[in-house]
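Engineer:
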Amino acid sequence: MSAPHVTDAESAILEALWRCGPLTPARLIDEVKASRDWGDATIKTLIARLMHKQALRSQREGGTLRYYPLIARDAYAESEVRGLITRLFEGDAHAFRAFVDAHIIGRD
867 MSAPHVTDAE SAILEALWRC GPLTPARLID EVKASRDWGD ATIKTLIARL MHKQALRSQR
927 EGGTLRYYPL IARDAYAESE VRGLITRLFE GDAHAFRAFV DAHIIGRD
């Protein structure tokens, strides 16, 4: 099964969980607010969307609710790179690599 599509906004939620590990709702909101100028309602909406996409799960542990990512960071990165190659290089990974070699790695 492939990873569900995650928007840029939704990725902020996953980034916080990848960085910090499982978080309570309040702590997750605080972590996201530290890097984004979003209100609580926006963050809660993004959490609900990720839950609906089965990209996030919640689990109650000793009376405390915690959120866990169901998408590994590597799987998300791979999906994003594949999408980039498809959109910008017509699916040609060799053209993408040549571009990276010439414009990114070649700068070093």
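Sequential numbering from 867 applies to the sequence shown in the numbering used here.
For each residue, glycine too, the CB sits at the ideal point set by N, CA and C.
1) Using the C-alpha atoms, what's the distance from E956 back to G949?
2) Use the C-beta contact count for L889: other C-beta atoms within 10 angstroms, 16 or more gives buried, fewer gives exposed.
3) Restricting to runs no shorter than 3 residues, where is the beta strand (DSSP E) found entirely within the region 901-934?
4) Looking at the secondary structure, which residues open and close the alpha helix (DSSP H) in which T952 lies?
5) For the region 936-945 against the region 912-923, are there 3 or more C-beta pairs whose distance is under 8 Å?
6) Just how far apart, CA to CA, sit D903 and A875?
7) Out of curiosity, what's the CA-to-CA distance linking R932 and A900?
Structural biologist: This is what the structure holds:
1) 10 Å
2) buried
3) If we require 3 residues or more, the beta strand (DSSP E) runs fully inside the region 901-934 come out as 922-927.
4) T952 -> alpha helix (DSSP H) spans 939-955.
5) yes
6) Cα to Cα, the separation comes out at about 12 Å.
7) 19 Å
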